[in-house]
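2 protein chains.
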Amino acid sequence: MPRVIKHPEIRREELLDHAQALFLTLGYEKASLNEVITAAGASKGAFYHYFPSKEALLEALAERFARQALAGVQDVLDDPGLDPLGRLNGLLAQSRRAKIDTAPEAWALFETLFRPDNLVLFYRINLAASASFSPLLVKIIRQGVEDGTFRTFDPEGVADIVMQFGMATQGVIAKAIAGGSDADMDVAIEALENRVRLYEIALDRILGLPDGSICIGEPGYVRAAMTARRRTNSGKAQ
Amino acid sequence: MPRVIKHPEIRREELLDHAQALFLTLGYEKASLNEVITAAGASKGAFYHYFPSKEALLEALAERFARQALAGVQDVLDDPGLDPLGRLNGLLAQSRRAKIDTAPEAWALFETLFRPDNLVLFYRINLAASASFSPLLVKIIRQGVEDGTFRTFDPEGVADIVMQFGMATQGVIAKAIAGGSDADMDVAIEALENRVRLYEIALDRILGLPDGSICIGEPGYVRAAMTARRRTNSGKAQ
Numbered sequence: 001m002p003r004v005i006k007h008p009e010i011r012r013e014e015l016l017d018h019a020q021a022l023f024l025t026l027g028y029e030k031a032s033l034n035e036v037i038t039a040a041g042a043s044k045g046a047f048y049h050y051f052p053s054k055e056a057l058l059e060a061l062a063e064r065f066a067r068q069a070l071a072g073v074q075d076v077l078d079d080p081g082l083d084p085l086g087r088l089n090g091l092l093a094q095s096r097r098a099k100i101d102t103a104p105e106a107w108a109l110f111e112t113l114f115r116p117d118n119l120v121l122f123y124r125i126n127l128a129a130s131a132s133f134s135p136l137l138v139k140i141i142r143q144g145v146e147d148g149t150f151r152t153f154d155p156e157g158v159a160d161i162v163m164q165f166g167m168a169t170q171g172v173i174a175k176a177i178a179g180g181s182d183a184d185m186d187v188a189i190e191a192l193e194n195r196v197r198l199y200e201i202a203l204d205r206i207l208g209l210p211d212g213s214i215c216i217g218e219p220g221y222v223r224a225a226m227t228a229r230r231r232t233n234s235g236k237a238q
Numbered sequence: 001m002p003r004v005i006k007h008p009e010i011r012r013e014e015l016l017d018h019a020q021a022l023f024l025t026l027g028y029e030k031a032s033l034n035e036v037i038t039a040a041g042a043s044k045g046a047f048y049h050y051f052p053s054k055e056a057l058l059e060a061l062a063e064r065f066a067r068q069a070l071a072g073v074q075d076v077l078d079d080p081g082l083d084p085l086g087r088l089n090g091l092l093a094q095s096r097r098a099k100i101d102t103a104p105e106a107w108a109l110f111e112t113l114f115r116p117d118n119l120v121l122f123y124r125i126n127l128a129a130s131a132s133f134s135p136l137l138v139k140i141i142r143q144g145v146e147d148g149t150f151r152t153f154d155p156e157g158v159a160d161i162v163m164q165f166g167m168a169t170q171g172v173i174a175k176a177i178a179g180g181s182d183a184d185m186d187v188a189i190e191a192l193e194n195r196v197r198l199y200e201i202a203l204d205r206i207l208g209l210p211d212g213s214i215c216i217g218e219p220g221y222v223r224a225a226m227t228a229r230r231r232t233n234s235g236k237a238q
């Protein structure tokens with residue numbers, strides 16, 4: 001039988017599919033790289049060629065999640081009826097919708113990142129995930145500066161601040177997860193909702209917009225994203 | 001000879017003095033905990049009682065540096081002639097002056113924090129250093145909200161954002177250090193100065209102030225702080 005030569009990109013995607021399936025079944029912490037390699041029917045050499053470590057695998061999964069989440073956003077970017085603020089809010093809404101839709105899987109794969117001792121991995125994987133998000137953000141902010149909607153001298157810098165705001169929630173989310181009780185979770189969700197409000201107003205003002213212009217999270221968004229984890233963990237996924 | 005019983009706080013300060021002296025001579029990386037213990041003439045048991053690890057020692061040194069840096073700030077806080085913006089700028093100016101004054105020692109002790117793989121340690125030590133800075137910041141912001149100078153619903157949250165801005169410079173500083181040439185350093189210093197400008201305007205706006213109200217770094221501040229390291233490293237300290 002002739003050996004089937006697959007395109008490297010297809011092979012890589014297949015390996016990611018197998019890894020994701022195994023991480024969803026066993027959990028990222030418990031699944032070993034050897035189990036992933038066996039499940040994928042790959043040679044060790046081929047596997048390590050694509051993913052030199054388990055963390056590199058998680059990084060690639062995060063990058064793929066983020067890319068898929070933004071697949072539908074091109075409509076928003078191309079819509080001639082939207083001004084830059086509409087585009088920015090559309091981009092944030094799309095990213096939010098994708099997060100809610102994939103929340104149970106995302107928690108199962110990435111919960112490990114919210115352990116305090118995984119801060120470096122959290123940053124690395126956040127950077128990988130932002131690789132597709134950040135350039136869109138810069139582009140929209142730059143458009144807004146050009147047409148006078150936004151008022152800043154540094155669109156790249158403002159995009160970095162948006163990313164920082166996202167990364168800074170790690171501590172709050174870590175606390176929400178560490179607390180075991182429903183009351184702990186409620187306190188943490190309220191803290192996170194409050195922080196989202198602050199970041200919205202901060203971004204409004206950094207861009208020279210009236211308070212209430214930018215929507216990072218609708219009411220209920222934080223709770224929906226956080227409780228998706230609890231449903232998964234207790235095995236009562238809807 | 002009767003054994004001299006020292007107050008635990010005095011003993012702790014002495015151990016920190018010895019550690020600081022040794023780190024300044026040998027460098028933090030090269031000095032071992034055993035050398036610090038020998039230099040301090042302490043028993044291992046006593047030493048580990050105060051500092052369970054070398055990182056805990058660095059954390060305590062950072063906390064002490066920050067506390068000393070703010071020793072002169074009480075005048076600013078008590079000055080009845082200053083409004084909240086004057087107090088905030090006074091606090092930032094004091095912290096800046098202290099950083100410049102202690103820059104050669106601070107670089108020798110803390111340069112290790114700007115290695116990419118020391119991100120967790122950087123965060124931990126930044127938190128320790130901010131323990132004395134952050135409450136002052138919250139207090140001043142709250143005063144400003146009460147008298148109508150500042151406009152925000154979340155003084156603690158804004159103080160957190162100030163801290164985040166500080167932490168986010170780690171990457172830029174790491175890059176400046178990694179680049180070997182003077183040209184690399186110039187590019188990095190310019191990037192950092194630009195980022196300071198952005199953070200100043202961002203804070204102005206987050207607090208509802210006109211652009212140009214808050215001064216995080218005077219012109220030349222970044223260069224002065226960064227080049228203090230080069231002088232030290234090349235042995236040409238002034």
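Top to bottom, those sequences are chains Z and U. When the first sequence is numbered by the UniProt record's numbering, its final residue is 238 and no position is left out of the sequence of numbers. When the second sequence is numbered by the UniProt record's numbering, its final residue is 238 and no position is left out of the sequence of numbers. Glycine included, every Cβ here is placed at the ideal spot set by N, Cα and C.
If you compare the alpha carbons of 223/Z, 110/Z and 42/Z with that of residue 193/Z, the shortest gap goes to 223/Z. If you draw a straight line from the Cα of residue 91/Z to the Cα of residue 38/U, it comes to about 59 angstroms. Chain order gives no chain Z residues near residue 37/U, where near means a beta carbon separation below 9 angstroms; the closest approach is about 27 angstroms. Every unbroken stretch of the alpha helix (DSSP H) spanning 4 or more residues and falling wholly within the segment 44 to 70 of chain Z is given here in chain order: 44 to 50 and 54 to 69. Secondary structure at residue 31/Z: coil, using DSSP grouped into helix, strand and coil. For residue 12/U, the CB contacts under 7 angstroms within the same chain, skipping 5 residues up- and downstream, are 50 in chain order.
Within the same chain, and ignoring the five residues on either side of residue 210/Z in sequence, the residues whose Cβ sits closer than 8 angstroms to its Cβ are 204. In terms of Cα proximity to residue 34/Z, the closest of 27/Z, 28/Z, 212/Z and 44/Z is 44/Z. Identification of residues in the segment 100 to 125 of chain Z having a C-beta nearer than 8 angstroms to some C-beta of chain U yields 117, 119, 120 and 123, given in sequence order.
If you compare the alpha carbons of 207/Z, 7/Z and 104/Z with that of residue 157/Z, the shortest gap goes to 207/Z. Per DSSP, reduced to three states, the secondary structure at residue 9/U is helical. Measuring C-alpha to C-alpha distances from residue 175/Z to each of 191/Z, 166/Z and 162/Z identifies 191/Z as the nearest. Distances from the alpha-carbon of residue 217/Z to those of 88/Z, 142/Z and 65/Z put 88/Z closest. When CB distances to chain Z are screened at a threshold of 8 angstroms, not a single residue of the segment 215 to 228 of chain U falls below it.
Taking C-beta separations shorter than 8 angstroms and ignoring five residues to either side along the sequence, residue 171/Z has no partners in its chain. Short of 8 angstroms from the beta carbon of residue 82/U, and not among the five residues preceding or following it, lie these beta carbons of its own chain, in chain order: 76 and 90.
Against residue 27/U, chain Z offers no close residue; the least beta-carbon distance is about 23 angstroms (beta-carbon pairs closer than 9 angstroms). With a contact defined as Cβ atoms closer than 8 angstroms, residue 99/U and residue 183/U miss out at about 25 angstroms. In the three-state DSSP reduction, residue 122/Z falls in the helix class (H, G or I). In the three-state reduction of the DSSP assignment, residue 133/Z falls in the helix class.
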